[in-house]
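The numbering of the sequence shown is numbering that gives the first Met the number 0, which starts it at 0 and goes up by one.
A quick write-up on the structure given underneath.
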Amino acid sequence: MDHTLETLVLTQPIPKKNYIRDGLRYHYEERSLAQAVLQKLARIASGLRSAQILLEHGLLQEQAALCRMIDEFQEDVCFLSFGILDGDLSDRHQQYLDAFYDGTDNENHSPQSFLEKKNEVPRKKIRSYIANHKLSPLNPSGAISASLQISNVFSGYVHGASLNIMEMYHPTPPKFLTRGMSGSRLQEDHRVDFHNFVYRGIMAFCFATRAIGDSDLNQRAYEFLVEWENS
0 MDHTLETLVL TQPIPKKNYI RDGLRYHYEE RSLAQAVLQK LARIASGLRS
50 AQILLEHGLL QEQAALCRMI DEFQEDVCFL SFGILDGDLS DRHQQYLDAF
100 YDGTDNENHS PQSFLEKKNE VPRKKIRSYI ANHKLSPLNP SGAISASLQI
150 SNVFSGYVHG ASLNIMEMYH PTPPKFLTRG MSGSRLQEDH RVDFHNFVYR
200 GIMAFCFATR AIGDSDLNQR AYEFLVEWEN S
């Protein structure tokens with residue numbers, strides 16, 4: 000993933016320097032779909048690495064919460080990549096880009112503006128778009144149902160639902176396992192689930208390399224996907 004991302008970054012114009020709130024920032028001046036894809040791929044790669052570290056140390060609440068974030072990044076990559084492949088910057092895609100890039104190129108962005116609600120594309124709209132796209136591997140109803148199920152299962156880790164927090168409880172003596180749950184059955188369950196997130200992360204890279212137009216990288220990404228499927 001790291002090598003693929005590094006190669007794809009070179010296909011885009013160099014980000015511009017910008018000073019926001021007395022700090023140096025970089026931003027893509029073109030604010031394109033492809034550049035948004037690259038940024039989401041960066042979070043998938045770093046997120047999977049971080050989640051794996053948390054998993055190995057038994058910090059399962061945090062690992063699962065991070066996987067929920069990764070899940071949405073993967074959906075974003077598919078949503079954006081499909082738009083590129085269709086050659087169509089739809090109103091929905093433009094709405095996404097406007098919210099995503101909001102404030103990135105404005106050095107006078109006021110603190111108050113960060114409190115304003117962005118006009119983001121609702122998550123259910125993104126899932127519906129992906130599920131009904133011709134490149135989606137699942138039937139629309141099945142794809143939407145699967146996405147909702149993943150979101151609902153992992154949302155409790157993000158928001159700290161009692162049901163999920165009580166997985167940390169140990170009865171003898173009564174305590175919460177805040178130092179991790181290494182060696183537990185639950186850790187093995189999370190390890191199995193994590194395999195699926197890696198798989199979907201690789202699939203996101205497959206769609207991205209196809210959309211951005213690097214056939215060699217795309218072929219290698221699909222070969223790695225098949226290898227992962229057989230592992």
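Backbone N, C-alpha and C define an ideal beta-carbon position, used for all residues, glycine too.
Only a predicted model underlies this, so the values are computations on that prediction, with no experimental measurement involved.
query: C-beta contact flag for Leu216 and Met202 at 8 Å; result: no
query: Candidates Arg67, Thr103 and Gln62, of which the one nearest Gly22 by Cα; result: Thr103
query: Every unbroken beta strand (DSSP E) within the stretch 26 to 63, with a cutoff of 3 residues, ordered by chain; result: none
query: Beta-carbon gap between Met165 and Leu59 smaller than 8 Å; result: no
query: Selected residue, minimal CA-CA separation from Ile211, among Arg122, Gly82 and Met0; result: Gly82
query: Per-residue DSSP class, three states only, for Ala142; result: Below a pLDDT of 50, predicted positions are generally treated as unreliable, and Ala142, at 49, falls in that range; the measurement from the model is reported next regardless. Here Ala142 sits in helix by DSSP.
query: Where His132 falls: helix, strand or coil (DSSP); result: coil
query: Alpha-carbon spacing of Tyr198 relative to Trp227, whole angstroms; result: 7 Å
query: Anticipated Cβ contact below 8 Å, Arg42 with Phe72, distance rounded; result: 5 Å
query: Classification of Phe233 by the beta-carbon crowding that lies within 10 angstroms, buried from 16 upward; result: Since the first and last residues shown for the chain are 0 and 230, residue 233 lies out of range.
query: Segment limits, alpha helix (DSSP H) that includes Leu162; result: Ser161 to Ile164
query: Residue of Ile69, Tyr95, Met0 and Lys133 minimising C-alpha distance to Pro121; result: Tyr95
query: Span separating the alpha-carbon of Phe204 from that of Pro170; result: 43 Å
query: Given Gly159 as reference, the closest of Leu79, Ala64, Arg48 and Phe206 once Cα atoms are compared; result: Ala64
query: Where Leu176 falls: helix, strand or coil (DSSP); result: coil
query: Beta-carbon proximity of His2 to Pro14, cut-off 8 Å; result: no
query: Alpha-carbon to alpha-carbon, Thr177 and Asp101; result: 37 Å
query: Asn195: first and last residue of the uninterrupted alpha helix (DSSP H) it sits in; result: Arg184 to Ile211
query: Of the listed residues Asn229, Asn17, Val36 and Arg24, nearest to Gln11 (C-alpha basis); result: Val36
query: Per-residue burial, His92 [other beta carbons within 10 Å of its own, 16 or more giving buried]; result: buried
query: Alpha carbon of Asn118 to alpha carbon of His132, nearest angstrom; result: 23 Å
query: Ile69 vs Leu84 beta-carbon contact at 8 Å; result: no
query: Range covered by the alpha helix (DSSP H) that runs through Leu216; result: Ser214 to Glu228
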